[in-house]
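Engineer: Mind having a look at this structure? Questions to follow.
Residue numbers (the numbering used here): 65 to 1130.
Here's what the structure looks like:
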């Protein structure tokens, strides 16, 4: 708890001086009987006030009432503010001068004015404990509920500053004594934190909630206990405070007092019988906290009270806590009270491991003296000696070394104590281990010797000692890396690399990925290491791979060149060293990327400049996408790199270079939203008319991204608004489809009246208005409808209103009806379907209601299948739409489609039980119940076939005939059979069981069988197609008409519901 004490004890105590320039520290209390003494004191406090302050403020700080009165008479501004927005009244309140306060208020001073911390004069007067000033301000209606920026009221300030008499004046005027500040703390919290017993008594007597908690659920007793205010704690306990209460982290007052070492408070709380072994949210008891913070006296108190020495939620005992920070006295007390010295935490570490890690020699000595096991394995199987060597504590290492200890015993990863010492970098530890025979060539499970670890951590002295002891400088680990690889990646001053090279380290050795030390140094920007290696062997020799090498061992060749690594990571110094030695500045990676392209992708300007200076070509493209460095800079938004490429001398620059998709740098810059790059390219003559493989120009991309500045710049350079892509879509279409209303306005403004209106429709007949309506962009629709050309229905007969209701865009639909008239609700597409059909198909009830309210006809049938909106909803199981059309629109349930199916037939044919029941509720006519379709099936046939039990029951209850026979001679009972063969078998069985059964007659059976075999041999099973609307998802390349095959024995059939004219999509 000590570690974050400052953050936890964050009750804001108002200090009236802080950084104020005018104000000094609070004056000591002066008896009321000596006002002259007070005035003289304030005068002396401000004798050194700066002369450049307003004269009124100087008079106030000089406590010169007559001068103040004279200045006011001379019309001096009584509400003048300093740079912290403090007024003269703030100063007078701070000084506690009631006479000047009244004079200022009567002269127009704002009594509740706030400074930049939102402190009022009343806050200042209370902080100064000036009863007279407070009384005067209250007399003139000062706001007792005013809050500063920490939401503290004058009562909070009084509680923090022991202003008891001021608080007595404030309390009668307050409606709530428990008002809290921004941290959730009441005045009682502040008083308890500050240890003001008299203030606490006053607040409690006026109804303060003793168990009120702040935002961390801490109560006043928590703060009093933490600060060690014993008398306040006693008072709170006597007044009914809960002594075992917990905050959000489950800290009790005992935790708080123990963590800060308040032994008297701890002793008192223990005497009350509080739980000494209570744990917080982290599983720590008060003893853990006391040991962690080294509170020896408190530890003794807790142990005497019976605190458990081995308790912990995460198996970390108080002894571990004491060992962490070297609390020797605490550890002694714990051991003497029975603490287990070899108790492990969740990481398998004992207290000895912890002490070794942090170098606490005294605790190590005490633990070993009391029998701690020096060979016990901890985290990752390491010994305490591992941790001491890793942390570089040589004295601790000596303490831990015992005669029977095998120095080369490895941990779980095969690392010995010498590996740890080499990684830690303490030469004394390393030599200690070497002198007692540690094996310097011992490798761990990764194949790394101690020299690898010393090199990776740039521990020069350890490298020197290990190499001097005979460690191999060219030993490779499992990744194929030598110590030089690791040193080249990490060595900033080059000492380790230089020493390794002088001791015959091979810079040309490659790891299993084909990288040499040169690659590592280039990737990490170790310029000095590169220079050292270049001085030994030319870098081109170190990086080249011969043809023989490639044929014999393809894995030995590095996939990329050191130039690529240096350029990609922006290491200009390394790049310069490499360029001075390597010949091919445009060397390519396996994908064909050059160093210049990589530097441009990452925006490394210095590297780009350096590469261009050495002759790198901006026009070299990669192998896969054919993108150049220009494309890379434009795509990633690096305008400075782009300008350097375009302005490079002795280079032929084609700013309109196209990649495999035909995209130019300008297209990529616009698409990625990099306006500055687009401006730069346009300024150097980039073409706005070039189109990619899909026929889209840069303006198409600007319309999609919505960048008005780019679009305006493109239009100024002559970009065509009517340019069409391969699907006939213009930038207007794309802006409308993506809801880019700003760009759409620019494009519409730019479109010329001389243009024909043909460019307003794409290859499927859709206009920008169609797309805006389909995607529900109200602002775009409103803008388009302001144009005369869009006030008439043009393009595809699948109208904008169809599109709007299809996607439940009610607001757009209402806008269309208001602008184009209610007659639009009666428009039909190429198949005679109205917007009501589309809304019913998609089950959008609000749109259905809107259309019906504007005169849509519920019984209108399409021209293709003769189905109404209700039939379409029933067929697709749109329950809500069926309910609205049946109940509110009173749709005609007797209507039949081209195959004489009613809505009830259609609902049953797809197994939509709820829809069928909704329709049945409105049917009372027995003839309609037994109505047949072209296949002579009644709704009972269809429902029975689909297994709709509830519907069948309802049909039977309404008089559905069980003897009705369809065209195959099957009754509803036989219609339940999965196929005709089964139905015929069932008929034969029933005929044998009940020869007189009316379900199937002997006379009709042979004919049924004959009809069945005849139809099966000459015709295929009947398969019908359902009705569906295609949606218009944006930018989908292929059109797929919505077509659902019907199952056998169903009467529902029809052609595809939507042809290309009204369902083609992006």
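A virtual CB, placed ideally from N, CA and C, is assigned to each residue, including glycine. Treat the numbers as computed from the prediction; the structure is a model and nothing was measured.
Can the beta-carbon of residue 369 be found less than 7 Å from the beta-carbon of residue 363?
Structural biologist: Not a contact, by the Cβ cut-off of 7 Å.
Engineer: Alpha carbon to alpha carbon, how far is residue 299 from residue 265? Give it in angstroms, no decimals.
Structural biologist: If you take the alpha carbons of residue 265 and residue 299, they lie about 8 Å apart.
Engineer: Looking at residue 734 and residue 742, is the spacing between their C-beta atoms short of 7 Å?
Structural biologist: Taking 7 Å as the Cβ cut-off, residue 742 and residue 734 qualify as a contacting pair.
Engineer: Within the chosen definition, does the stretch 986-997 reach the stretch 938-949 through at least 3 CB pairs nearer than 8 Å?
Structural biologist: The stretch 986-997, when compared against the stretch 938-949, does not touch it at the 8 Å Cβ threshold.
Engineer: One question on the structure: do residue 432 and residue 413 come within less than 7 Å of each other, judged by their Cβ atoms?
Structural biologist: Contact: no.
Engineer: Between residue 33 and residue 144, how many whole angstroms is the CB-CB distance? I'm expecting something under 8 Å.
Structural biologist: Nothing about residue 33 can be reported from this structure: the residues present for the chain run from 65 to 1130 only.
Engineer: Pick out whichever of 517, 423, 457, 483 has its Cα sitting closest to the Cα of residue 446.
Structural biologist: For residue 446, the nearest C-alpha among the options comes from 483.
Engineer: Quick one: what does DSSP say residue 137 is sitting in, helix, strand or coil?
Structural biologist: Correct three-state label for residue 137: helix.
Engineer: Does the stretch 464-475 come within contact of the stretch 485-494, defined as at least 3 CB pairs closer than 8 Å?
Structural biologist: As far as the Cβ criterion goes, the stretch 464-475 does not touch the stretch 485-494, which means the pair count is below three.
Engineer: Just to check, is the beta-carbon of residue 307 closer than 6 Å to a non-hydrogen atom of the ligand GDP?
Structural biologist: Among the components of this structure there are no ligands whatsoever, and the ligand GDP is therefore not found.
Engineer: Of all the options 905, 904, 926, which has the alpha carbon lying nearest to the alpha carbon of residue 891?
Structural biologist: It is 926.
Engineer: Using DSSP bridges, identify the partner residues of residue 277.
Structural biologist: DSSP lists 283 as partners of residue 277.
Engineer: Quick check on the DSSP output: the alpha helix (DSSP H) that includes residue 415 runs from which residue to which?
Structural biologist: First-last of the alpha helix (DSSP H) with residue 415: 415-422.
Engineer: From 532, 579, 587, 530, pick the residue whose C-alpha is nearest to that of residue 554; which is it?
Structural biologist: Here the closest residue by C-alpha is 587.
Engineer: Do residue 1008 and residue 1039 come within 7 Å of each other at the CB atom, strictly closer than that value?
Structural biologist: Yes, the Cβ-Cβ distance between residue 1039 and residue 1008 is below 7 Å.
Engineer: What do you get for residue 547, buried or exposed, if any count of 16 or more other CB atoms within 10 angstroms of its CB means buried?
Structural biologist: Residue 547 should be labelled buried.
Engineer: Nearest-angstrom Cα distance between residue 372 and residue 257?
Structural biologist: So the alpha carbons of these two residues sit roughly 30 Å apart.
Engineer: Whose C-alpha, out of 211, 177, 212, 237, is nearest the C-alpha of residue 203?
Structural biologist: Ranking the options by Cα distance to residue 203, first place goes to 237.
Engineer: Assuming the contact rule is C-beta atoms closer than 8 Å, residue 662 and residue 632 should be a hit. Round their C-beta distance to whole Å, please.
Structural biologist: Going by Cβ atoms, the distance from residue 662 to residue 632 rounds to 4 Å, so yes, they are a contact pair.
Engineer: Tell me which residues share the same chain as residue 705 and place their Cβ nearer than 7 Å to its Cβ, disregarding the 5 neighbours each side in the sequence.
Structural biologist: Cβ within range, chain order: 664, 667, 669, 672, 697.
Engineer: With residue 533 and residue 498 assumed to form a contact (beta carbons below 8 Å), what rounded beta-carbon distance in angstroms separates them?
Structural biologist: Contact flag correct, Cβ pair sits at about 6 Å.
Engineer: Looking at residue 725 and residue 756, is the spacing between their C-beta atoms short of 7 Å?
Structural biologist: Against a cut-off of 7 Å, the Cβ pair of residue 725 and residue 756 comes out as a contact.
Engineer: Just to confirm my understanding: we take residue 196, look at its own chain, exclude 5 residues before and 5 after, and list those with CB closer than 6 Å. What are they?
Structural biologist: The residues are 162.
Engineer: Less than 8 Å between the CB atoms is what I'm expecting for residue 584 and residue 628, so what's the real figure, rounded?
Structural biologist: The Cβ separation is near 13 Å, so there is no contact.
Engineer: State the DSSP-derived secondary structure class of residue 1128, mapped to helix, strand or coil.
Structural biologist: Unreliable positioning characterises residue 1128 in this predicted model, as indicated by a pLDDT of 30, which lies under 50. A coordinate reading is not provided.
Engineer: So, helix, strand or coil for residue 189, using DSSP?
Structural biologist: Reduced to three states, the DSSP call for residue 189 is helix.
Engineer: Alpha carbon to alpha carbon, how far is residue 263 from residue 323? Give it in angstroms, no decimals.
Structural biologist: The alpha-carbon atoms of residue 323 and residue 263 are separated by roughly 26 Å.
Engineer: For residue 997, count neighbouring C-beta atoms within 10 Å of its own C-beta (all shown protein chains included) and say buried if the count is 16 or more, exposed if not.
Structural biologist: The residue in question, residue 997, is buried, as its Cβ has 16 or more Cβ neighbours within 10 Å.
Engineer: Three-state secondary structure (DSSP) at residue 517?
Structural biologist: Here residue 517 sits in helix by DSSP.
Engineer: Just list the alpha helix (DSSP H) runs in the stretch 456-531, keeping only unbroken ones of 4 residues or longer that don't cross its boundaries, in chain order.
Structural biologist: Complete alpha helix (DSSP H) runs here, min 4: 458-464, 481-488, 491-499, 514-520.
Engineer: DSSP three-state call for residue 899: helix, strand or coil?
Structural biologist: Correct three-state label for residue 899: helix.
Engineer: Contact between the stretch 757-774 and the stretch 786-806 is defined here as three or more beta-carbon pairs at a separation below 8 Å; is this criterion met?
Structural biologist: Yes, they touch.
Engineer: Return the Cβ separation of residue 518 and residue 505 in integer angstroms, given the expectation that the two are a contact with Cβ distance under 8 Å.
Structural biologist: With 8 Å as the limit, residue 518 and residue 505 do not qualify as a contact, their Cβ atoms being about 13 Å apart.
Engineer: Less than 7 Å separating the beta-carbons of residue 481 and residue 450?
Structural biologist: Yes, they are a contact pair.
Engineer: Give me the Cβ distance between residue 245 and residue 214, rounded to the nearest whole Å; I'm assuming they're in contact under 8 Å.
Structural biologist: About 5 Å; that satisfies the 8 Å criterion.
Engineer: Please look up how many angstroms separate the CB atoms of residue 653 and residue 589, rounded, as I've assumed it's under 8 Å.
Structural biologist: Actually they are not in contact, since the Cβ atoms of residue 653 and residue 589 sit about 19 Å apart, beyond 8 Å.
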